[in-house]
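In UniProt numbering, the protein residues as written are 1 to 191.
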């Protein structure tokens, strides 16, 4: 009879996320993860040949979750309504910025599984980009977004808002509202 696994994928991926955020990709080890999970390293090696397999599976999990949640946003509303929902959503999904950075840190895959995972992550990334690009195109179609502004810059600004530090501890509602205002109307007064 097979022994029961001592951790769930969700718990494994949560601890993986915590370690990567705290220590970084290079310092991530199965030993540290096993300690957090209160299992032996061998328990992890039963499921993953190396850290690239595990981390790539974690990234697939995070990207799939993000895309699923993104897919639940109201896509039938007008652009300003979708814009407000999107910015709120991005702030509830602030970990995606770190996930996207980790994707670039994975070296050339060392196993077939890691290679397949990296390919799937690329598909998820392209899907995410296409959905956000569609959002920008809706804004152009409705005449809300200026035609001459490059999509890449607009998407970069939207994604980078998560990285803006709130050094003065402005209340979250005011912080997000101010960011929405700057993105939608700019910072200059209009007569």
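Where is the CB? At the ideal position from N, CA and C, for every residue including glycine. On a predicted model such as this, the values are computed, not experimentally measured, just so you know.
Anyone know if the C-beta pair for residue i and residue j falls short of 8 Å?
i          : j           : result
residue 20 : residue 97  : no
residue 6  : residue 43  : yes
residue 53 : residue 113 : yes
residue 86 : residue 127 : no
residue 89 : residue 100 : no
Go ahead and pull the three-state DSSP assignment for residue i.
i           : result
residue 172 : helix
residue 94  : coil
residue 62  : helix
residue 163 : helix
residue 52  : helix
residue 81  : helix
Excluding the 5 residues preceding and the 5 following residue i in the sequence, name in chain order all residues of the same chain whose CB lies nearer than 8 Å to its CB.
i           : result
residue 102 : 20, 25, 55, 59
residue 138 : 79, 82
residue 34  : 40, 41, 43, 44
residue 229 : This structure leaves residue 229 out entirely; the chain is present only between 1 and 191.
Evaluate residue i with the Cβ neighbour count: other Cβ atoms within 10 Å of its Cβ, from every protein chain shown; 16 or more gives buried, anything less gives exposed.
i           : result
residue 63  : buried
residue 166 : exposed
residue 12  : buried
residue 110 : exposed
residue 48  : buried
Who are the Cβ neighbours of residue i in its own chain at under 6 Å, not counting the five residues just before and after it?
i           : result
residue 145 : 139
residue 30  : 41, 44
residue 94  : 162
In chain order, what residues of the same chain have a beta carbon less than 7 Å from the beta carbon of residue i, not counting five sequence neighbours either side?
i           : result
residue 106 : 52, 55, 56, 118
residue 15  : 33, 36, 37
So does the region 121 to 136 actually touch the region 149 to 157, counting three or more Cβ pairs closer than 8 Å?
Yes, the region 121 to 136 is in contact with the region 149 to 157.
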